[in-house]
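Report on the following structure.
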Amino acid sequence: MEKKKKSLPDSVAVIAGMLILLVLGLAAVFCRGGEFSDWERRYLAVRPDTPNLNTWTTDKETEDFLSDHIPGRQALIALDSSGLFATGRDSQLSTWYASGSVIEPPVDINTDTISSKLRRFEKLAGKAGVPWYVLTPHTHGWLLRDRIFPVLGRQYRSEAPAYAELDACENSVSMPGLFDSEPEGMYYTTDHHWTLQGAWQAYRALAKPLGYTPLDLEEFRITEYPGFRGTTLSRSGLPAILQDTLVCAEPDSPVTVTFIDRDIESTYDRLIFPEDTETWDGYAVYLHGNHGTLIIERPDAPEGTLIVFKDSMANCLLPLLSAHFRRIIAVDARYSSGVFSDVFARSDDTKAILFVYSLSSLANDTEITRKAK
Amino acid sequence: MVFSSLTYLLLFMPCVLLGYRLMPQKARMPFLLAASLLFYGWGSPRWLLLLVWCVLVSWGGTLLMTRGGKNRRVFLILIIVLDLLPLFWFKYAGFFRDTIRDLTGWDGFAAADALLERWFGRSPGIRTPVLPAGISFFTFQAISYVIDVWRRDSRPQRSPVIFGVYLSLFPQLVAGPIVRYIDLEKQLIEHPRPTWAQMRSGIRRFSIGLAKKVLLADALGRFWGQMNADLSQAGALGAWMGLLAFSFQIYFDFSGYSDMAIGLGEALGFVFPENFSRPYRAESLTGFWRRWHISLTTWFTEYVYIPLGGNRCSPWRRDLNVFLVWALTGLWHGAGWHFVLWGLYFAVLLILEKHFLHGRPFSNQGAPWVRRLITFVIVMIGWGLFSGFGTPLFSAMVGLSGLASSRTALTCLAFVPLLVLCAVISFAPVLPRIQEWRFTAPVLFLLCLAALVSQGYAPFVYFQF
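Protein chains in written order, with the numbering used here: chain A, 7 to 379; chain B, 11 to 475.
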C-alpha cells in the first residue's frame, strides 16, 4: 500500500504563509526596531510622512522603512551575506573572509598621492626643525596574501608599489620582521585595526628612531575586554559569531589626557575607557575614540614632546609611547580644524614628529593632503 | 509597485490575496480593480491617469464602435490612434525628436515650444518624457481587445469595472504576459473563488519566479554592470562572461516576472497563458522565438504579420512582412536604433533559416546540444546588440582590449558558480523537479526576503576609519 505523504492542508498553508508575511509587515510598521543601528552606525529610516502628490516619494520611503524595521532584520542580512561569502561572491563586497578573519580588500593605490604626502610631511617637519618619521604598517590582507585563496591573495600585489614608495623614503619606519612573518594576531579578526600585538611591534620599531629603550609588555598594565565585534565584520553583514578580545596596555603611572574637539576641551586621568566597550564603537576603549587634537601628559616620563599626526591606527600605539614622552600631542585630520602646523605653537620642546597612518588613509585621504601644508 | 519589493511582499500581497479569497463574489471585481489601481499608482500616482485613459478610450470607444454601423472601421482607427497616443508620446517622442534633430538639425520640441509661446505668450518647456511602467503592455492589450471586437471575435464588455480589471489586472499589468481579452473573458465574467489548492500552487509558482528575479537575475545584473562599466578593462574574458551573464539575466528577469504573474493569476483564480518555454533549449531561431516571450510573438503574429499577408503571399512579400514585424518588435522593446537593429538582426537570420535550413535534410543532423549551443550563441550576440553597448562590447569580445585585468579575472571567477547554476537551470530539465520539492518555495522565498532586506543594509561609510 502506498504511503501517503503528510502535508499541511492547502488552506492552512496559504493562510499561515500570508499571515506570517502580514505580521512581519505590520510589525515593521508599528513596532519599529529603534532609531539608530549600532551595527551600521547610522540612523534608521523614519516612517514616511503624509504623501505629497507633487513630490511623490512615499513608495521609496516605505520600502526603506520596511527594510530598516522588519523583525529579524539582522538575521536576514546575515543569511544573505553568508550566501554571498559561501559562494565566493564576497570578492564583490567591501570585505573578504580569509584565513579566519574578515579583512578589507586591497587598497586602491595612487603612488603619486603617497609621494605628494611624503613631500608635504617633509616640508611640514622642516617648519618645526625636528626629525620626522612616517609609519604605515602593511595591511592585514597583505600579511595574509600567501595564506589565502591564491586568486584573492594575488589582488594584494596592487599594494606593492605603495610599500616600495614608502621603503624608498628614508624617514619611513619599517615594521619588525615578526609583524610580516607571523601575521596571526597582529590584526583583529573582525576589525581593520591592529591588535596590541601589532601596535607593540610598531612600538618596538619606533624605539630606535625616536630614541627610547622599549619596555617589555609585562611592564605595562594590561586589561582585556572580550566580545569585541569590529567594523569589518559589521560591514560584511555576516552573523555575529566571530568576536575578538580587546587587549589594552598603558603605563602604570599618573597621566592626564585632554581631548580638544573644535573648541570643547575635556580632561581625564586615564587612557583606557572600558565603558566604551559597551557602545557601538568598541574600539573607542583606546583614548575614548577619535578626537581632533589630544594631549597626553605624563610628568614622570623621560623625554620631551612628541607630535603625532595620525588616524585611528595610532590609538592603540599612543598609550605605549606615552611611557617615554612627557607630552604627546596628537592630531587627527578628519576631526581637527585649521592646518597641521598650528599645533607647533603648543610645544617648545618637540623632539620629533611622527606620522602614523593606515595605507588606506595615506593613499586616499585628501584631508591629510589639505592640512599638511 | 514591483513584486520584488518589501511593500508588495509584506503588505500588499497578503492583504489582496486573503481579501480576494474572503470577499463575497459581487465585491471581488471592484476589489481587484481597486487593488490593481493602487498597485499601479503606488510608484507614481499621476500615471494612473494614463491607465484610466486607456480603459475609458478602449471600453467606451468599442461600445460606440459596435453601434457605429458603416463607420466601424473609422472608430477602430480612431480608438487605436487614441490608445497609441500616450505610448507614442512617452516612449517614442524623444527618440523621433533626437533622430530628426540628428538628421536635419530641426528640434521638434524647441519648435513646439516656440509655437506655443507665440500663441499663449508662455513656453511650457517640453522635455523628453519619462516612460510610465507597463505602458507598452496595457496599450497592446487594449488594442488586441478593440481589434477582436471589431473582427467580431469577441463581444464588447459592457461593464467598465470588468474591462478595467482586464486592462489593469495587477499580476500582468507591468510586464505581461500580454493576455488577449478572448482568453480571459469567461474568467472575468464568472470570476469564481479560487480554491486553496490553486492559491497554494500559485504562490509556489510566484516564489519560484521571485527567486529567478532576486537571487539570479539581480546578481547577474550586478556582474554585467561591473563588466560594462569599463569594457576596455573587462577585456575579452569579461566581455564574453558579461554578455553571458546578461543573456541569463534577461531570461531570468523576464521569465521570473512571467512566473510571478502567472502564479499570482492562479492564486486569484485566473489562468494566464505561458510566456516562456525554456527558450535556451531551442535548436533553431524559429524554435527560440516560439519559446521566448510567447505572448508578444503571438500578438505580433495575430495583429500585424497575418493582417499583412502572413505566409500566404509571394516569398519576397513574406520576407518583407518578416522585416516589418521584426523592426516593430525591436521598436516595441525600446526607443532606440539598437533595438531596431536587434529586431532586424533576427529578421535576417530567421529569413535565412527559413530559406536555407527549413526542410533540408542536413538541418536536423548533428547532436541536439550542438544545435542548441549554436542557437544560444547567435541569440547571445543578439543580446549584445540589444544591450546598446554594441561596438565597445564586440571590440572587447574579439580581444581588442586584451584578455582581462587581474581584478576582472577575480570578479569573473567569483561569478562562475552562479553562471554554471544558471546554465544548468536554463539547459537541463532540473527546474520542474526542484519546483516539486515541498520546501523549495518557502526556502527560496526566505532567501529572497533576506536578499531584499540586505539591499537596504548600508553601513555608514566613514566608520571604516
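Using N, Cα and C, we set each Cβ at its ideal position, and we do this for glycine too. Predicted model only: the values in this text are computed from it and were never measured.
Excluding the five sequence neighbours on either side, which residues of its own chain have a C-beta within less than 8 Å of the C-beta of residue i, listed in chain order?
i	result
B/Q151	Y176, L177, I188, V189, R190 and Y191
A/A213	T219 and P220
B/I304	P187, P283, E284, N285, F286 and S287
B/F475	Its pLDDT being 39, under 50, B/F475 is placed unreliably in this model, and the coordinates cannot settle the point.
A/L72	G31, A34 and V35
Suppose the cutoff is 7 Å on Cβ atoms and the five residues either side in sequence are ignored; what does the same chain contact list for residue i look like?
i	result
A/V136	T356, K357, A358 and I359
B/G118	R107 and I110
B/V171	M39, P40 and L43
A/F42	Y49 and L50
A/T117	P167, A168 and E171
B/L60	P96, P142 and I145
Any C-beta of chain A sitting closer than 8 Å to the C-beta of residue i?
i	result
B/R215	no
B/F356	no
B/M251	no
B/R210	yes
B/G466	yes
B/R190	no
B/G412	no
B/F425	yes
B/L220	no
Return the bridge partner residues of residue i from the DSSP annotation.
i	result
B/K364	Bridge partners of B/K364: none, in fact.
B/R300	DSSP output for B/R300 lists no bridge partner at all.
A/A104	A/S107
B/I90	Partner(s): none; B/I90 has no beta bridge.
A/F315	A/V337 and A/F361
B/T149	B/T149 pairs with nothing; no bridge assigned.
A/E271	A/I266
Along the chain, where does the beta strand (DSSP E) containing residue i start, and where does it finish?
i	result
A/K123	A/K123 -> not in any beta strand (DSSP E); alpha helix (DSSP H) instead, spanning T117 to A134.
A/H94	The amino acid occupying residue 94 of chain A in the given sequence is Gly; His does not appear at that position. Premise fails: A/G94 is in no beta strand (DSSP E) and is neither H nor E.
A/L293	A/L293 -> no beta strand (DSSP E), and no H or E assigned at all.
A/A22	That residue, A/A22, is in no beta strand (DSSP E); its alpha helix (DSSP H) goes D16 to F36.
A/W138	W138 to L141
A/L300	T299 to E303
Contact criterion: CB-CB distance below 8 Å. Does residue i meet it with respect to chain B?
i	result
A/G147	no
A/A378	no
A/V108	no
A/T372	no
A/T68	yes
A/I76	yes
A/Y139	no
A/V20	yes
A/E284	no
A/L130	no
A/L85	yes
A/Q249	no
A/M192	no
A/T196	no
A/D65	yes
A/A34	yes
A/V157	yes
A/W62	yes
A/D203	The displayed chain sequence assigns Gln, not Asp, to residue 203 of chain A. It does not; no Cβ of chain B falls within 8 Å.
Counting along the chain, where does the alpha helix (DSSP H) carrying residue i start and finish?
i	result
A/D348	Where A/D348 is concerned, there is no enclosing alpha helix (DSSP H), given that its DSSP letter is neither H nor E.
B/V496	Shown here, chain B extends from 11 to 475; a query on residue 496 of chain B therefore has no answer.
A/D70	T64 to H75
B/F105	A103 to T114
B/E195	Y191 to E200
A/Y169	A166 to D173
B/F119	G118 to F130
Leaving out five residues on either side along the sequence, give the residues of the same chain with a beta carbon under 6 Å from the beta carbon of residue i.
i	result
A/D16	none
A/N370	none
B/S411	S242 and G245
B/F473	For B/F473, the pLDDT reaches just 41, beneath the cut-off of 50, and the residue's location in the model is therefore unreliable, although a value from the coordinates is still provided. Correct list: empty, nothing qualifies.
B/A292	F298, R301 and T385
B/G340	F349, V350, W352 and G353
Worksheet entry | Runs of beta strand (DSSP E) wholly within the stretch 387-452 of chain B (minimum 3 residues, chain order) | Here no run is fully enclosed.
Worksheet item: Residue ranges of each alpha helix (DSSP H) run of no fewer than 4 residues wholly in the stretch 206-275 of chain B, ordered along the chain?
Response: Counting only runs of 4 or more, we get 206-221 and 228-239.
Discussion item. Give the list of continuous beta strand (DSSP E) stretches no shorter than 3 residues that lie fully inside the stretch 191-269 of chain A.
Written reply: DSSP runs (the beta strand (DSSP E)) wholly in the stretch 191-269 of chain A: 227-234, 250-256 and 262-267.
Discussion item. Please give me, in chain order, every unbroken run of the alpha helix (DSSP H) with length at least 4 that falls completely inside the stretch 11-38 of chain B.
Written reply: For the stretch 11-38 of chain B, whole alpha helix (DSSP H) runs of length 4 or above, ordered along the chain, are 23-32.
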